[in-house]
Amino acid sequence: MILDGKCPTGPIETSWDRHRFETKLVNPANKRKYKVLCVGTGLAGGAAAASLGELGYNVHAFCYQDSARRAHSIAAQGGINAAKNYPNDGDSIYRLFYDTIKGGDFRAREADVWRLAQVSNNIIDQCVAQGVPFARDYAGYLDNRSFGGAQVSRTFYARGQTGQQLLLGAYSALSRQIKAGTVTLHERREMLDLVVVDGVARGITCRNMVTGEIESHWGDAVILATGGYVNVFYLSTNAMGCSVTATWKAAKKGAYMANPCYTQIHPTCIPQHGEHQSKLTLMSESLRNDGRCWVPKKVEDCEKPASDIADADRDYYLERKYPSFGNLAPRDIASRAAKEQCDDNRGVGPGKRGVYLDFADSIKRLGEDTIRERYGNLFEMYEKITAENGYKQPMRIYPAPHYAMGGLWVDYNCMSNVPGLFVLGEANFSVHGANRLGASALMQGLADGYFVIPYTIAGYLATVKPGQIKDDHAEFKKSAEEVKADIDKMLSINGTKTPSELHRELGKVMWEDVGMARSKESLEHALKRIPEIREEFWNNVKVVGTNEQFNQELENAGRLADFIEFAEILTKDALNREESCGGHFRTEHQTEDGEAMRNDEDFCYVAAWEFKGAGVEPELHKEPLKFENVKLAVRSYK
Amino acid sequence: MKVKLHVWRQNGPNDKGTMETYEVPNVSSDQSFLEMLDDVNLALAKDGRDVIAFDHDCREGICGMCSQVINGVPHGGQERTTVCQLHMREFEDGAEIFVEPWKARAFPVIKDLVVDRGALEKIMQAGGYTSCHTGGVADGNALPIGKDIADYSMDAAECIGCGACVASCPNSSAMLYTGAKVAQLAVLPQGKVEAHKRVMAMTEAAKEQGFGNCTNHYECQASCPKGVNVKFIAKLNREYMKALCK
Chain U
1213 MILDGKCPTG PIETSWDRHR FETKLVNPAN KRKYKVLCVG TGLAGGAAAA
1263 SLGELGYNVH AFCYQDSARR AHSIAAQGGI NAAKNYPNDG DSIYRLFYDT
1313 IKGGDFRARE ADVWRLAQVS NNIIDQCVAQ GVPFARDYAG YLDNRSFGGA
1363 QVSRTFYARG QTGQQLLLGA YSALSRQIKA GTVTLHERRE MLDLVVVDGV
1413 ARGITCRNMV TGEIESHWGD AVILATGGYV NVFYLSTNAM GCSVTATWKA
1463 AKKGAYMANP CYTQIHPTCI PQHGEHQSKL TLMSESLRND GRCWVPKKVE
1513 DCEKPASDIA DADRDYYLER KYPSFGNLAP RDIASRAAKE QCDDNRGVGP
1563 GKRGVYLDFA DSIKRLGEDT IRERYGNLFE MYEKITAENG YKQPMRIYPA
1613 PHYAMGGLWV DYNCMSNVPG LFVLGEANFS VHGANRLGAS ALMQGLADGY
1663 FVIPYTIAGY LATVKPGQIK DDHAEFKKSA EEVKADIDKM LSINGTKTPS
1713 ELHRELGKVM WEDVGMARSK ESLEHALKRI PEIREEFWNN VKVVGTNEQF
1763 NQELENAGRL ADFIEFAEIL TKDALNREES CGGHFRTEHQ TEDGEAMRND
1813 EDFCYVAAWE FKGAGVEPEL HKEPLKFENV KLAVRSYK
Chain E
2 MKVKLHVWRQ NGPNDKGTME TYEVPNVSSD QSFLEMLDDV NLALAKDGRD
52 VIAFDHDCRE GICGMCSQVI NGVPHGGQER TTVCQLHMRE FEDGAEIFVE
102 PWKARAFPVI KDLVVDRGAL EKIMQAGGYT SCHTGGVADG NALPIGKDIA
152 DYSMDAAECI GCGACVASCP NSSAMLYTGA KVAQLAVLPQ GKVEAHKRVM
202 AMTEAAKEQG FGNCTNHYEC QASCPKGVNV KFIAKLNREY MKALCK
């Protein structure tokens, strides 16, 4: 089937304004009659729930944490982009649009990206009004820094805690609505099924993580803002609770999963230290503003302390390979370049899987105090984890899974192919193409939540009668029974391997075979291993405790079961996409100097997969991508 | 290295609870404290025993989920550090370590080391915001804000809402938590408008939730993983006085 994204036609500069005018409205007096469920309370979900509550809808929000303030958006450090052009350095909505399309390696929809760039400016204004303490200069105006993939300074920041401050802004708006009674928050709930009646999303089934009660919630629309899936690699920079479960349950009810093979491996993470590690820690890409990446030129120097290696014997490989962007090359390129150096046996640190990020020159130029003011918390964090002082010796970094560009397929209105199911933020696939630029995730989350969904959801709700189907419908009961049956099954297997052990096995396969570099051979190997792990899970998992208690082993088991099924579709997507683009690198498709080689003739489309059952071949639907405003070109950062 | 753990086990809010002891061999000094607990749980699960429940999520010191009192100190006593960022190299080989949940009347235990911090939410809902609607606000640069003020506001805004301040306080006071939000917004032009209403409402909510008053022990600042300063309690008191006089 050929999918239609329902993007506005005509001049792109006015596309969003025209679409907003043409979208139906819901009368203010009728809004409270509509019940909207919003799963996830990060930047996208929190902003959406708050904004819809303000408009007068009856909103029910859900999160797995104990508070809406803890979603993983909080961990974003570096900043948020906007086309304000405050520094007078040539930025514009068009340039942000262009950079994002190019940064995504021409695999995103133009109209969606334009809208994102356009509303980016509103986001900054909104956050300032909420009391977000952005960094300011001595005249009292907002300060900007640079990020990868751009030659202008358009990134707004709040120390190294931008995500936290933006989330607290959205959380404060949400708290206001909870107090006002327009939003009901259900915390410590995990969504375990989407309820679909006659092809339309009508509610969710979730588990109360304290009591184990299986709950049914009906809604006239369901919003998923449940983040990304890179914990499929086990070790990633995501929070431990981040999972594919909500989106995967929706996929199992008919929503298409789009471009799952587009995963972002972030270049500046702290290298792995041992077998017991539970997660990888990211340090903001903003560090690359002042840090220089290098490895020793000679293999024999790799064991020496960095200070013993003369400047002439160091290979500043990013500056060498990409002179115009240097250390600020986009993430996919910087990550692959680091891997290349380590594959060339010139890595540093344990296992030689690391490269240096060196601040010595910047400290000499600006002084240690300036560097401390800019990145103090990151240096502290680095020292806590590695027991090394980044001011005195270069940091060691290595790429780690960080972000999912892929996600549930949505049209221009952020609605999936299942009517009534909306997907926002990282959980959808829409704006980042095959690679996300730094400081764009926060921008997308808040754009979708504050400035897109409040308009587009009205267009849908205006076409449905409120409260038509409630939780007394048979589908709710059926869904709850299925959820309960899955839980009972997991608890009854009583095998020998814990969820974390099996998750580690899955992660190893995914990282080695479906990680930074993929080949037909590695992908086929993964497709052999994943079903084996699935088999083992359903026959040999050991989940202690009961459902009727606070049970983190059970939570992990459920999430892992979904990751395993999802991993197969991710791998199939990677195998199908016979090209290299952005974060998806197929070793068969590269230029002579090792750069990604796209195949626009055959693969300039969104791959949306329809789940047909575990172990059954999924069906591929395509949405062709048209580029009318940006010329399809080879992405060059040289 | 190896350590001996004494961990508070409590099966639900109505259970009496008890300390249980676990010998943990083969601990790597590079492991985080939570990764060491993961290993303990792995062994318990393998053995078919109930694992130790503890809240955690981001494991990079920012989400505020962690809520463990280690050797009597919330988050374990390393300066400006959450439990998830505490590493085993901070302990001696053979150390005996006591692990308990946040202890405060306002935070009932859910299970083991997991507590219900809903009371903190109520304080925020009472007024921890500016009442601006989405859209229709001024340009971000319309009102210049002095760098010193923006920095002060940011210092206060660093609070991650973990509740260590409450857990460390002999009065279970939430005044550092409340003061940080009050101060963050009170100094900004956007937050000044509602400053009086906000401080009254948030203080009232804190009292209703059963949090105590501040008697200047400064334990909150010492245990705060973000180093939020007690000057924000002073600011809270000043703002409260100003509002009372209105």
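Listed in order, the protein sequences are those of chains U and E. Residue numbers for the first sequence follow this note's numbering, beginning at 1213 and rising by one. Residue numbers for the second sequence follow this note's numbering, beginning at 2 and rising by one. Glycine residues also receive a C-beta, built at the ideal position from the N, C-alpha and C atoms.
CB contact below 9 Å: U/I1336 versus chain E: True, the Cβ-Cβ gap to chain E drops below 9 Å.
3 or more residues per run - each beta strand (DSSP E) lying fully within the segment 62-141 of chain E: If we require 3 residues or more, the beta strand (DSSP E) runs fully inside the segment 62-141 of chain E come out as 69-71, 97-102, 110-112.
The segment 84-103 of chain E: positions lying closer than 7 Å to chain U by Cβ: Within the segment 84-103 of chain E, the qualifying residues are Q86, H88, R90.
Simplified DSSP assignment, three categories, for E/Q185: Three-state DSSP puts E/Q185 in a helix.
Rounded C-alpha distance that separates U/H1231 from U/P1223: U/P1223 has its alpha-carbon roughly 12 Å from the corresponding atom of U/H1231.
Cα-Cα separation, U/A1261 to U/D1432: Cα to Cα, the separation comes out at about 14 Å.
Within chain E, partners of U/V1407 - CB distance below 9 Å: Residues of chain E whose Cβ lies closer than 9 Å to the Cβ of U/V1407 do not exist, since the nearest Cβ in that chain is about 27 Å away.
Presumed contact (8 Å Cβ cut-off) between E/F32 and E/K112, rounded CB distance: Inspection of the sequence shows that residue 32 of chain E is occupied by Gln rather than by Phe. Not a contact, Cβ separation roughly 24 Å.
Cβ pair E/S173, E/F212 closer than 9 Å: Yes, the pair counts as a contact, with Cβ atoms nearer than the cut-off.
Partner residues on chain E for U/F1591, Cβ-Cβ distance less than 7 Å: Neighbourhood of U/F1591 in chain E, by CB distance below 7 Å: empty, with the nearest CB roughly 13 Å away.
Inter-residue Cα distance where the pair is E/K5 and U/R1366: Distance between the alpha carbons of E/K5 and U/R1366 is about 51 Å.
Which listed residue (U/F1445, U/W1460, U/T1438) has its alpha carbon closest to that of U/D1405: Comparing alpha-carbon positions, the option among U/F1445, U/W1460, U/T1438 lying closest to U/D1405 turns out to be U/W1460.
9 Å Cβ cutoff, U/F1233 in contact with chain E: With 9 Å as the cut-off, U/F1233 does not count as an interface residue toward chain E.
Bounding residues of the beta strand (DSSP E) (the contiguous stretch that carries U/D1570): Counting along the chain, the beta strand (DSSP E) containing U/D1570 begins and ends at 1567-1570.
Contacting residues, own chain, Cβ-Cβ under 6 Å from E/L45 (five flanking each side not counted): For E/L45, where only same-chain residues beyond five positions count, the Cβ hits under 6 Å are V52.
Where U/T1708 falls: helix, strand or coil (DSSP): Three-state DSSP puts U/T1708 in coil, outside helix and strand.
CB of U/A1463 within 9 Å of CB of U/I1781, strictly: Yes, the Cβ-Cβ distance between U/A1463 and U/I1781 is below 9 Å.
Closer than 9 Å to chain E by CB, U/H1715: Residue-level contact by beta carbon fails for U/H1715 and chain E, as no gap is shorter than 9 Å.
Residues near U/Q1289 by beta carbon distance below 6 Å, same chain, minus five either side: Contacts found: G1372, S1496.
Contacting residues, own chain, Cβ-Cβ under 6 Å from U/Q1330 (five flanking each side not counted): Counting only residues of its own chain and dropping the five nearest sequence neighbours on each side, U/Q1330 has a CB closer than 6 Å to the CB of W1228, I1305.
Beta-carbon proximity of U/N1334 to U/F1663, cut-off 9 Å: U/F1663 is positioned such that its CB atom lies closer than 9 Å to that of U/N1334.
Partners in chain E for U/H1284, counting only beta-carbon separations shorter than 8 Å: Taking a Cβ-Cβ threshold of 8 Å, the residues of chain E close to U/H1284 are D58, C59, C64, in chain order.
Contacting residues, own chain, Cβ-Cβ under 7 Å from U/I1390 (five flanking each side not counted): Exclusion of the five residues before and after U/I1390 leaves L1397 as the residues of its chain whose Cβ lies within less than 7 Å of its Cβ.
Nearest to E/Q185 (by Cα), restricted to the options E/E205, E/K3, E/D149: Here the closest residue by C-alpha is E/D149.
Same chain only: Cβ atoms within 6 Å of U/L1739, ignoring 5 sequence neighbours per side: If the five residues before and after U/L1739 are omitted, its C-beta is found closer than 6 Å to the C-beta atoms of T1783, all from its own chain and listed in chain order.
Where U/Y1667 meets chain E, residues with beta-carbon distance less than 8 Å: What U/Y1667 touches in chain E: nothing, since even the nearest Cβ is about 10 Å away.
For U/C1250: DSSP bridge partner residues: For U/C1250, which the question treats as bridged, DSSP gives the partners U/A1273, U/I1435.
Buried or exposed (CB count within 10 angstroms, at least 16 for buried), E/R106: E/R106 is exposed by the Cβ-count criterion.
Closest residue to U/A1362 among U/V1622, U/H1685, U/A1651 (Cα-Cα distance): U/A1362 has its Cα closest to that of U/A1651, out of U/V1622, U/H1685, U/A1651.
E/T216 versus E/A235, E/V200, E/S68, E/V28, residue with shortest Cα-Cα distance: Nearest to E/T216 by alpha-carbon distance, out of E/A235, E/V200, E/S68, E/V28, is E/A235.
Extent of the continuous alpha helix (DSSP H) to which E/M201 belongs: According to the DSSP assignment, E/M201 belongs to the alpha helix (DSSP H) that extends over 196-209.
Endpoints, the beta strand (DSSP E) within which E/Y23 is located: Where E/Y23 is concerned, the enclosing beta strand (DSSP E) stretches over 19-25.
U/E1402 and U/T1480 closer than 9 Å at C-beta: For U/E1402 and U/T1480, no; Cβs fall outside 9 Å.
Contact check, U/L1837 vs U/R1400, beta carbons under 9 Å: If you check the CB distance, U/L1837 and U/R1400 do not come in under 9 Å.
Short Cβ contact (9 Å threshold) for U/G1439 with U/L1649: U/L1649 sits away from U/G1439, with the two beta carbons spaced by 9 Å or more.
Assumed close pair U/K1596, E/T82 - CB separation to whole angstroms, cut-off 8 Å: The C-beta separation of U/K1596 from E/T82 comes to about 7 Å, placing the pair in contact by the 8 Å criterion.
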